[in-house]
Amino acid sequence: MFEDYLDKLKTATPFWSTVFKLLFLLPILIMLIVFFSEDNDEHAQIGSASYGAQSANQQCAAGTRNGESGALNGESTLEGIKYNVRTPLNYDPTIAHPLLMVFSPAGSNRAKTEKTTALTLKATTAGFIIAYADHPDLSPTSTIELGTIPGLMAKQWCIDEKRVFLTGHSDGGTAAMALAFMAGTKQIPKAIAPSAAGIDYQDLRDHKCPEPIPVMIMHSANDHLFPKYGQQTSGWWAACNQCEPIPEKIGNGCMAYSGCAKGVKTWYCEGDKLHAQWPGINDTLLEFLVSVGR
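Quick note: the sequence shown uses numbering that gives the first Met the number 0, first residue 0, plus one each step.
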């Protein structure tokens, strides 16, 4: 069949020969564009961290972590989920860094997620190592696979595995939240900040509460795909964290539950964007993570 196609190219008129060649080359060109767009670092604007406050943190022995500094693309889990890593420009491999994992929504990938969330510069300036993971077909198995990324990274970069933070949008938010209550993975995150997650109270009611954990739920009042899911899940987490049932407004669209066990912060932040849009409250998000990660 393929040989017949090539014969047609040889015998066709110049016009049709050109058409056949374009049809033959177009899929190859598309594949190359997708490949290079996934692994480019165009959107990786990276900052330098101030290590003054972190210098007393858990240390890694010199020479034990060989991960490069800056922008690293195309790292992979054992099952082939790709992720990109960004460290501070002045990354010190002997200081244990907090890790911020960002999971992609359906229809997106690690490169697009880095662009749409625009977290890299501020996160690395704040001293985080940040990683963006591709979107797999979401299932309990693939969610567990996403949860292996922090451990894999800790073998290459100096990461404080007690300060692993999970966020993501839509399916990515679902994965971030699920990892915090699934039996085999709930020990991974120090805190979670899911956005537009596709989980509601019906999904959560039969799950056992994990130990109290800082939670920042981001959801939009104009999310018509998952309407009011954020209100439902923030209430479930507040109950799990043994907070008072009525939150108080704290600004920037956020409300905080008080009286939570172990003093964990439990926030619900409501915006007005459409479902597909990242909420864009990065300063609030990073301030939350920094405050609970001390």
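Glycine included, C-beta positions come from ideal geometry on N, C-alpha and C.
| How big is the Cα-Cα spacing for Thr-93 and Ile-80? | Their Cα atoms are separated by approximately 28 Å.
| Contact under 7 Å by Cβ, Ser-257 with Glu-269 | The Cβ atoms of Ser-257 and Glu-269 lie no closer than 7 Å to each other.
| message | Between which residues of its own chain and Lys-248 is the CB-CB distance below 7 Å, once the five residues before and five after are set aside? | response | Cβ within range, chain order: Met-254.
| If you compare alpha carbons, which of Cys-259, Asn-251, Ala-220 and Gly-252 is closest to His-274? | For the set Cys-259, Asn-251, Ala-220 and Gly-252, the Cα lying nearest the Cα of His-274 is the one of Ala-220.
| message | Here's the rule I'm using: 16 or more other beta-carbon atoms within 10 Å means buried, otherwise exposed. How should His-223 be labelled? | response | Exposed, because fewer than 16 other Cβ atoms sit within 10 Å of the Cβ of His-223.
| message | According to DSSP, simplified to helix, strand and coil, what is Arg-109? | response | It is helical.
| Straight-line Cα distance separating Lys-272 from Asn-251 | Whole-angstrom Cα-Cα distance: 14 Å.
| request: Report, in whole angstroms, the separation of the C-beta atoms of Phe-195 and His-168, which I expect to be a contact under 8 Å. | output: Reading off the sequence shown, one finds Ala at residue 195, where the question assumed Phe. Confirmed, about 5 Å.
| task | Classify Phe-164 as helix, strand or coil using the three-state DSSP reduction. | result | In the structure shown, the three-state DSSP call for Phe-164 is strand.
| request: State buried or exposed for Ala-182, treating a residue as buried only when at least 16 other CB atoms are found within 10 Å of its CB. | output: Taking a 10 Å sphere around the C-beta of Ala-182, we find fewer than 16 other C-beta atoms and assign the residue as exposed.
| request: Could you give the DSSP three-state label for Ile-148: helix, strand or coil? | output: Under the three-state reduction of DSSP, Ile-148 is assigned to helix.
| said: Does Tyr-228 pass the burial test, meaning 16 or more other C-beta atoms within 10 Å, or should it be called exposed? | reply: By the Cβ-count criterion, Tyr-228 is buried, with 16 or more other Cβ atoms from all chains shown falling within 10 Å of its own Cβ.
| query | Relative to the C-alpha of Leu-71, which residue among Ile-280, Ala-43, Thr-232 and Leu-203 is closest? | reply | Distance from the Cα of Leu-71 is smallest, within the candidate group Ile-280, Ala-43, Thr-232 and Leu-203, for Ala-43.
| query | Can you tell me where the beta strand (DSSP E) with Lys-81 in it begins and where it stops? | reply | That run of the beta strand (DSSP E) goes 81–85.
| query | Once you ignore the five residues that flank Thr-283 on each side, which residues in its own chain have a CB closer than 6 Å to its CB? | reply | The beta carbon of Thr-283 lies closer than 6 Å to those of Asn-251 in the same chain, with the five residues before and after it left out.
| task | Compare the C-alpha of Phe-287 against each of Pro-139, Ala-190, Ala-260 and Pro-226 and name the closest. | result | Among Pro-139, Ala-190, Ala-260 and Pro-226, the Cα nearest to that of Phe-287 is on Ala-190.
| Just how far apart, CA to CA, sit Ala-218 and Ser-49? | The residue you asked about is not Ala; residue 218 is His in the sequence shown. Using only the alpha carbons, I get a separation of about 31 Å.
| query | Using DSSP with H/G/I as helix, E/B as strand and the rest coil, what is Ile-143? | reply | In this structure, Ile-143 counts as helix in the three-state DSSP scheme.
| Got a sec? Which residues, its chain only, sit under 7 Å from Val-263 by beta carbon, not counting five neighbours each side? | So the qualifying residues of the chain are Pro-211, Ile-212, Pro-213 and Asn-240.
| request: Flag this pair as touching only if the region 139–159 and the region 115–124 have three or more C-beta atom pairs under 8 Å; answer yes or no. | output: Cβ pair count under 8 Å is below three, so no.
| task | Note the first and the last residue of the continuous alpha helix (DSSP H) segment covering Thr-173. | result | Judged by DSSP secondary structure, Thr-173 falls within the alpha helix (DSSP H) whose first and last residues are 170–180.
| task | Could you tell me whether the Cβ atoms of Thr-147 and Ala-177 are closer together than 7 Å? | result | Contact: no.
| task | For the beta strand (DSSP E) holding Ala-192, just list the boundary residues, first then last. | result | For Ala-192, the uninterrupted beta strand (DSSP E) segment begins and ends at 190–194.
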